[in-house]
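K.L.:
Once you've had a glance at the structure underneath, I'll fire off some questions.
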Amino acid sequence: MKKVVAICAAAVTGAIGLGLAFSLMPLSASETPPATPVTLATPASASAPTPSHPSLPALPSPAVTAAMFQPAPTPAPAALGAAQPAAAQTVAAAPVAEEPAVPGKRLPSYTYLEVDAPYVALTFDDGPNPETTPKLLKILADRHVKATFFMLGNRAVQAPEVVKAVAAAGHEIGNHSWSHPQLTKLTVAAADKQVEDTSALLEQITGAKPILMRPPYGSMSPSLQAHLYEKYGLSQIFWSVDPLDWKVRDSQAVYDQIMKQVRPGAIILSHDIHPTTVAAMPRVIDALIAKGYKIVTVSELIAHGRPPAPKVVAQAEPQPKKKPKPAHPTMGASASTKPIPASAPGAPMSITPAVAAPAATGSITRN
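The number in our numbering is simply the position in the sequence shown, starting from 1, with 8 added.
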């Protein structure tokens, strides 16, 4: 009986072990039981059954997986432009910055001109002045001389009748800014307004738009010059003769400096607001005419002359570098001797060991 019970117990134990072994074996693809479809519930309905592995993300469907690993199609050449980022399209569509008025051409600005005849131009700044400018007009008219007046807007607006008298006498009127600031220290907008307001006022008074400008203090930058030329067509006029009449209020000094510096093609700077300058003009004009000079306006001087040719500076050829001299040159060294390092006290001496003379085989005879 005991044997029968033992045999039955062994059989039961074996069956249980065999069942556990089969339950732990992985299933093949064909043996995978069909998945029970799960209906996703809305927040208001009952929650879906909890998955067996809540910590693992749900795998995408086979269709989604296939789409994820599909290589992206290469766009056709014609469609490449549309596939670019928006930033690249913005750069391509941005307007190209305009070049200066005439690329590669020198903007019109003059300090003096090269002329084939003794022409010079008299110019007067900072007016008009209701007291001194009419006196100067009388001096010029008596000598049949025409000059160029660079006027300030804030003074022209106070003496429009003087401005009209200058224009009526056949003199040239140019822009000298509104209030005489250093334009290069202003913003482009502020400098532009100084010029625009003055030109508009002078055109309103005389009916003629200025085409010449003298920047206060002669201060002008290439970018501002290009801006004023492109917008208003203004040529910049500087000077080659400066009597410093604004600083030295002496008629004789004004006369001396002008006659000392004047050359054919010169543009002479002076100021019609100073009584000492106006007082010097009769002598200056008479002396210039006596020396054969022909006094004209700046525009006439430009028409008679040509701007100086730019100087061409030849570029020097690079020179071969010289070898540094030794810090402690060896006395009597030849030209082919290599430099000695600075740390070496001198060229090492070559010491040849003395070779012993062979032993004498006979007796030594002394004389």
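By construction, the Cβ of each residue, glycine as well, lies at the ideal position given by its N, Cα and C atoms.
These numbers were taken from a predicted model, which means no experiment stands behind them.
(1) Between A175 and A149, how many whole angstroms is the CB-CB distance? I'm expecting something under 8 Å.
(2) Pop quiz: S227 and V203 are said to be a contact at Cβ under 8 Å. What is the actual Cβ separation, rounded to whole angstroms?
(3) Quick test of the definition: if touching needs 3 or more C-beta pairs under 8 Å, does the stretch 139-156 touch the stretch 291-305?
(4) Look up D253 in the DSSP assignment and say whether it is helix, strand or coil.
(5) Please report the Cβ distance between L242 and P218, rounded to the nearest whole angstrom; I am assuming they are in contact, meaning their Cβ atoms lie under 8 Å.
(6) State the Cα-Cα distance for the pair L232 and T192, rounded to the nearest angstrom.
(7) In chain order, what residues of the same chain lie with their CB nearer than 6 Å to the CB of S248, ignoring the 5 residues before and after it?
(8) Can you tell me whether K302 is helix, strand or coil according to DSSP?
(9) What's the gap between the Cα of G161 and the Cα of A208?
(10) Quick one, which of M289, D280, L145 and K146 has its alpha-carbon nearest Q265's?
(11) In this structure, how does DSSP classify D200 when only helix, strand and coil are distinguished?
(12) Is the beta carbon of D280 less than 7 Å from the beta carbon of F132?
(13) Suppose you measure from the CA of V206 to the CA of Q166; what does that come to, to the nearest Å?
(14) Out of T284, V262 and L115, which one is the CA nearest neighbour of A295?
(15) Looking only at its chain, what residues have a beta carbon closer than 6 Å to the beta carbon of A177, apart from the 5 residues adjacent to it on each side?
(16) With a threshold of 6 Å on Cβ separation, who are the neighbours of S187 within its own chain once the five nearest residues in sequence on each side are excluded?
(17) Using the C-alpha atoms, what's the distance from E180 back to V286?
(18) Would P138 pass as a contact of V170 if the rule is Cβ separation under 7 Å?
(19) Suppose you measure from the CA of T214 to the CA of K268; what does that come to, to the nearest Å?
(20) By alpha-carbon positions, which one of V196, V123 and V128 ends up nearest to V292?
(21) Could you tell me the alpha carbon to alpha carbon distance between D258 and T284, rounded to whole angstroms?
(22) Identify whether R222 lies in helix, strand or coil by the three-state DSSP scheme.
(23) Taking only the alpha-carbon atoms, compute the straight-line gap between K239 and K255 and give it to the nearest angstrom.
(24) Only counting the same chain, and skipping five residues up and downstream in sequence, which positions put a Cβ closer than 7 Å to that of S229?
(25) Considering only residues of the same chain and omitting the five flanking positions on each side of I245, which have a CB-CB separation below 6 Å?
(26) Check for me: the beta strand (DSSP E) holding D280 runs from which residue to which?
(27) To the nearest angstrom, how far is the alpha carbon of T195 from that of N183?
(28) What are the boundary residues of the alpha helix (DSSP H) that S259 is part of?
(29) Taking the C-alpha atoms as reference points, what is the distance between L252 and D134?
(30) Taking its Cβ as the centre, do 16 or more other Cβ atoms sit within 10 Å of A199, making it buried, or is it exposed?
(31) Who are the Cβ neighbours of L130 in its own chain at under 6 Å, not counting the five residues just before and after it?
(32) Between I297 and P136, what straight-line distance do the alpha-carbon atoms span, to the nearest angstrom?
(33) How would you write the range of the beta strand (DSSP E) that A129 sits in, first residue to last?
(34) If I'm right that L210 touches A164 with Cβ under 8 Å, what's the distance once you round it to whole angstroms?
P.N.:
So, to answer that:
(1) For the purposes of this step, residue 175 is identified with residue 167 of the sequence shown, where counting begins at 1. For the purposes of this step, residue 149 is identified with residue 141 of the sequence shown, where counting begins at 1. So it is not a contact: roughly 14 Å between Cβ atoms.
(2) Taking the sequence shown and counting its residues from 1, the one referred to as residue 227 is at position 219. Taking the sequence shown and counting its residues from 1, the one referred to as residue 203 is at position 195. Incorrect: roughly 13 Å between the Cβ atoms, too far for contact.
(3) yes
(4) Here the question's residue 253 lines up with position 245 in the sequence shown. It is coil, neither helix nor strand.
(5) Taking the first residue of the sequence shown as position 1, residue 242 is located at position 234. Taking the first residue of the sequence shown as position 1, residue 218 is located at position 210. Right, their Cβ atoms sit about 7 Å apart.
(6) To locate residue 232, count along the sequence shown from 1; it is residue 224. To locate residue 192, count along the sequence shown from 1; it is residue 184. Looking at the two C-alpha atoms, the distance is approximately 8 Å.
(7) Residue mapping note: residue 248 aligns to position 240 of the sequence shown, counting from 1. If we look at S248 and ignore the five residues flanking it on each side, its Cβ neighbours are T119, Y120, A274 and I275.
(8) Numbered from 1 along the sequence shown, position 294 holds the residue referred to as residue 302. Strand.
(9) One-based indexing of the sequence shown puts residue 161 at position 153. One-based indexing of the sequence shown puts residue 208 at position 200. Whole-angstrom Cα-Cα distance: 9 Å.
(10) Taking the sequence shown and counting its residues from 1, one reaches residue 265 at position 257. Comparing Cα-Cα distances from Q265 to each of M289, D280, L145 and K146, the minimum goes to M289.
(11) Taking the first residue of the sequence shown as 1, we reach residue 200 at position 192. Reduced to three states, the DSSP call for D200 is helix.
(12) Locating residue 280 in the sequence shown gives position 272, where the first residue counts as 1. Locating residue 132 in the sequence shown gives position 124, where the first residue counts as 1. The answer is yes: Cβ separation under 7 Å.
(13) Locating residue 206 in the sequence shown gives position 198, where the first residue counts as 1. Locating residue 166 in the sequence shown gives position 158, where the first residue counts as 1. At residue 206 the sequence reads Thr, which differs from the Val that was named. Straight-line Cα distance between these residues: approximately 13 Å.
(14) Here residue 295 is taken as the residue at index 287 of the sequence shown, counted from 1. Answer by Cα proximity: V262.
(15) Within the sequence shown, residue 177 is the residue found at index 169, counting from 1. Cβ within range, chain order: L145.
(16) For the purposes of this step, residue 187 is taken as the residue at position 179 of the sequence shown. The residues are N162.
(17) Looking up residue 286 in the sequence shown gives position 278. Looking up residue 180 in the sequence shown gives position 172. Straight through space, the alpha carbons of E180 and V286 are spaced by roughly 18 Å.
(18) Translated into the one-based positions of the sequence shown, residue 138 becomes position 130. Translated into the one-based positions of the sequence shown, residue 170 becomes position 162. The answer is yes: Cβ separation under 7 Å.
(19) If you number the sequence shown from 1, residue 214 lands on position 206. If you number the sequence shown from 1, residue 268 lands on position 260. Rounded to whole angstroms, T214 to K268 spans 35 Å at the Cα level.
(20) Along the sequence shown, one-based indexing puts residue 292 at 284. Considering only alpha carbons, the answer is V128.
(21) Here the question's residue 258 lines up with position 250 in the sequence shown. Here the question's residue 284 lines up with position 276 in the sequence shown. The straight-line gap from Cα to Cα measures roughly 6 Å.
(22) Here residue 222 is taken as the residue at index 214 of the sequence shown, counted from 1. R222: coil per DSSP, three-state reduction.
(23) Indexing the sequence shown from 1 puts residue 239 at position 231. Indexing the sequence shown from 1 puts residue 255 at position 247. So the alpha carbons of these two residues sit roughly 34 Å apart.
(24) As a working mapping, residue 229 is identified with position 221 in the sequence shown. Within the same chain, S229 has close Cβ partners T192.
(25) Taking the sequence shown and counting its residues from 1, one reaches residue 245 at position 237. Correct list, in chain order: Y118, L220, R222 and V306.
(26) Here the question's residue 280 lines up with position 272 in the sequence shown. No beta strand (DSSP E) holds D280; DSSP gives it neither H nor E.
(27) The residue given as residue 195 occupies position 187 in the sequence shown. The residue given as residue 183 occupies position 175 in the sequence shown. Distance between the alpha carbons of T195 and N183: 19 Å.
(28) Against the sequence shown, residue 259 aligns to sequence position 251. Run containing S259: S259 to Q269, per the alpha helix (DSSP H) assignment.
(29) On the sequence shown, position 244 is the one that residue 252 refers to. On the sequence shown, position 126 is the one that residue 134 refers to. For L252 and D134, the distance between alpha carbons rounds to 14 Å.
(30) Here residue 199 is taken as the residue at index 191 of the sequence shown, counted from 1. It counts as buried.
(31) For the purposes of this step, residue 130 is taken as residue 122 along the sequence shown, with counting starting at 1. Result list for L130: A155, I276 and I303, in chain order.
(32) Indexing the sequence shown from 1 puts residue 297 at position 289. Indexing the sequence shown from 1 puts residue 136 at position 128. Computed Cα separation, rounded: 26 Å.
(33) If you number the sequence shown from 1, residue 129 lands on position 121. A129 -> beta strand (DSSP E) spans Y127 to G135.
(34) For this step, residue 210 is matched to residue 202 along the sequence shown. For this step, residue 164 is matched to residue 156 along the sequence shown. About 6 Å; that satisfies the 8 Å criterion.
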